[in-house]
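Just so you know, we're using this note's numbering here: the sequence shown kicks off at 92 and counts up by one. Built from N, CA and C at the ideal position, the CB exists for glycine as well. A short worksheet on the structure shown next.
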Amino acid sequence: MTTDAGASHISSRDNALLKDLRKLGQDPGAYRKLGRIWLEGDHLCRAALARGVKPAIAVFSESFWPTAPAEWGASAIKTVVVADDLLRGVSGLESPAPMGFVLDLPARPELIPDAPSVVLDRLQDAGNAGSILRSAAAFGFTQVIALKGTAALWAPKVLRAGMGAHFGLRLIEGVEADALDALKIPLVATSSHRGEWLHQARLPYPCVWLMGHEGQGVSAALEARATHHIRIAQPGGEESLNVAAAAAICLHASGAALQAR
């Protein structure tokens, strides 16, 4: 490693930071072990900065570095420049980005009992989880509670699908269902076969939306806790909706109902 103009240059694939970045970029659960998060690409990096996040390390490819200081020079505590081929080896993308940030993993926040919330019940797909986070942030739901068995929320694929929503939400992972007893607002369960039709229901607000496993739906234990059960009309005749699509519809309906009052 060499240093110039405030930036350290890495040219060895055995560098300890590069080893960590490979784990963070390709192992969904590595952030829990390392206590760090890898944001790849300028969009996620800008989203983090816009929310006041101070990266621990900014990482740039050698070819990108000559133009980087104008926008990114003072963005992180430390700056590292990596040979292009080595940085490509870190990425899990087909078209690797020429830059990224390393963030310290935020401390797990305390659950706020009356915050508009979304509960993820054993969602398996990273794209679904990230998409729901994006919808939650867009429609004013400030807290997302992921029950045990749900995809890792700070994993690379979830970060990419969230498109920066992570930095505007309280994310509480690894929660047992009993922890939901602390919530002081109505719990609304989604279903494909029971409950009021969404377009006819008077939705409570603030509330907690329960979004279930892609195949099994909301668990029986969570359904028993729910104060409301909602289903979405599907005149086209499909049996069910993708959970991320259902979440977007339900969260938008909550926002629209609030504005109409």
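Beta-bridge partners of residue i, as assigned by DSSP
i: E131; result: G191
i: A237; result: L211
i: V150; result: V171 and G191
i: E314; result: DSSP, once it has assigned bridges, lists no residue as partnering E314.
i: W156; result: DSSP output for W156 lists no bridge partner at all.
Backbone secondary structure at residue i - three-state DSSP
i: K145; result: coil
i: K110; result: helix
i: V309; result: coil
i: K275; result: coil
i: M258; result: First, the residue type needs correcting, since residue 258 is Phe and not Met in the sequence shown. Three-state DSSP puts F258 in a helix.
i: S226; result: helix
i: A280; result: strand
i: E185; result: coil
Range covered by the beta strand (DSSP E) that runs through residue i
i: V249; result: No beta strand (DSSP E) contains V249, which is instead part of the alpha helix (DSSP H) from P247 to G253.
i: R322; result: H319 to R322
i: L301; result: V299 to G303
i: A98; result: A98 to I101
i: A262; result: Looking at the sequence itself, residue 262 is Leu, so the reference to Ala does not match. Element bounds for L262: R261 to V266.
i: T170; result: K169 to V173
Environment of residue i [buried if 16+ CB atoms lie within 10 Å]
i: P146; result: buried
i: T158; result: exposed
i: L196; result: exposed
i: D212; result: buried
i: T318; result: exposed
i: W163; result: buried
i: E185; result: exposed
i: E201; result: exposed
Unbroken alpha helix (DSSP H) run spanning residue i, endpoints
i: A198; result: Segment: none, A198 is in no alpha helix (DSSP H) and carries neither H nor E.
i: Y78; result: What is shown of the chain runs 92 to 352, which leaves residue 78 out entirely.
i: P160; result: P160 to W163
i: R123; result: A121 to L125
Nonlocal neighbours in the same chain, by C-beta distance under 7 Å from residue i, ignoring five residues either side
i: A228; result: A256, G259 and L260
Cut-off 6 Å between Cβ atoms - residues of its own chain near residue i, not counting five sequence neighbours on either side
i: A98; result: T170 and V172
i: G221; result: V249, A252 and G253
i: P189; result: S152 and F155
i: R322; result: S282 and G286
i: F230; result: L342, H343 and G346
i: A338; result: I223, S226 and M302
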